[in-house]
Amino acid sequence: MRVTIIHGFNATPQDHFYPWLADTLRAKGYEVQVPELPLKTGEELEAEALLKLMNEKIGLLTHDDIVVGHSLSAVLALRYLEYVEMKSTPRAFVLVAPPWKVGASEVQGLFMTNLDYDVVPWKAGEFVVVHSPDDDMVPFDHAKKWAEVLKAKLVDVPGNDHYMGKEYPILLDVIEDLKHHPIEYEPGASLLDAYKGIR
Numbered sequence: 001m002r003v004t005i006i007h008g009f010n011a012t013p014q015d016h017f018y019p020w021l022a023d024t025l026r027a028k029g030y031e032v033q034v035p036e037l038p039l040k041t042g043e044e045l046e047a048e049a050l051l052k053l054m055n056e057k058i059g060l061l062t063h064d065d066i067v068v069g070h071s072l073s074a075v076l077a078l079r080y081l082e083y084v085e086m087k088s089t090p091r092a093f094v095l096v097a098p099p100w101k102v103g104a105s106e107v108q109g110l111f112m113t114n115l116d117y118d119v120v121p122w123k124a125g126e127f128v129v130v131h132s133p134d135d136d137m138v139p140f141d142h143a144k145k146w147a148e149v150l151k152a153k154l155v156d157v158p159g160n161d162h163y164m165g166k167e168y169p170i171l172l173d174v175i176e177d178l179k180h181h182p183i184e185y186e187p188g189a190s191l192l193d194a195y196k197g198i199r
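Residue numbers (the working numbering): 1 to 199.
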């Protein structure tokens, strides 16, 4: 199983919890990538160019993919899900402390248009929103809104603020749980197979 970690704005793959999570997952046998992306506030974000760069670095998503996006990059991860071609439905998207809206003009490219909420929830097997009620950068109501529109599981862990520390075992627990439990609902699974039994 492959895990892609999308680092936050004004950060690199060496910051926050990214190295710990990547190393811990690799030790458990996961393939992990943390692509370095030009994500800096103060510079105008060109969403189309950024998504093309992500496509070059990440590539197609398959049923063995879990994508973890942190803070603004949780929204970027969803934009990528909407943008990229896929061979099959990726296993899950984990959104860590995701903002619903941001007023800063340089990142408005992420929010210029709404995601297609009728389509995006069906493009991954599962969504999980991880947030801390005491986050002083992104209000907890933002997490509730994402959980509602994506029909996501909401994991709230007090004391983790905006997830900018070095280790968060809850993130490892969420990924391990996703790996080991079956998808509860696969699109079309409830439909009768009209061709069953035909040779």
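Just so it is clear, CB atoms sit at the ideal spot from N, CA and C, and this is done for glycine as well.
Looking only at V130, M54, P19, G42, the smallest Cα-Cα distance to L81 is reached by M54. In this structure, DSSP gives D23 a helical state, which the three-state scheme calls helix. T4 and K101 have their C-alpha atoms roughly 23 Å apart. Per DSSP, the unbroken beta strand (DSSP E) holding V68 starts and ends at 65-70. Membership of D136 in any alpha helix (DSSP H) is not indicated, and neither H nor E is assigned to it by DSSP. A77 is the residue among G42, A77, L45 whose C-alpha sits nearest the C-alpha of I58. Inside the stretch 153-182, DSSP marks whole beta strand (DSSP E) runs of 3 or more residues at positions 153-156, from first to last along the chain.
With 16 or more other CB atoms across the displayed protein chains lying within 10 angstroms of its CB, E126 is buried.
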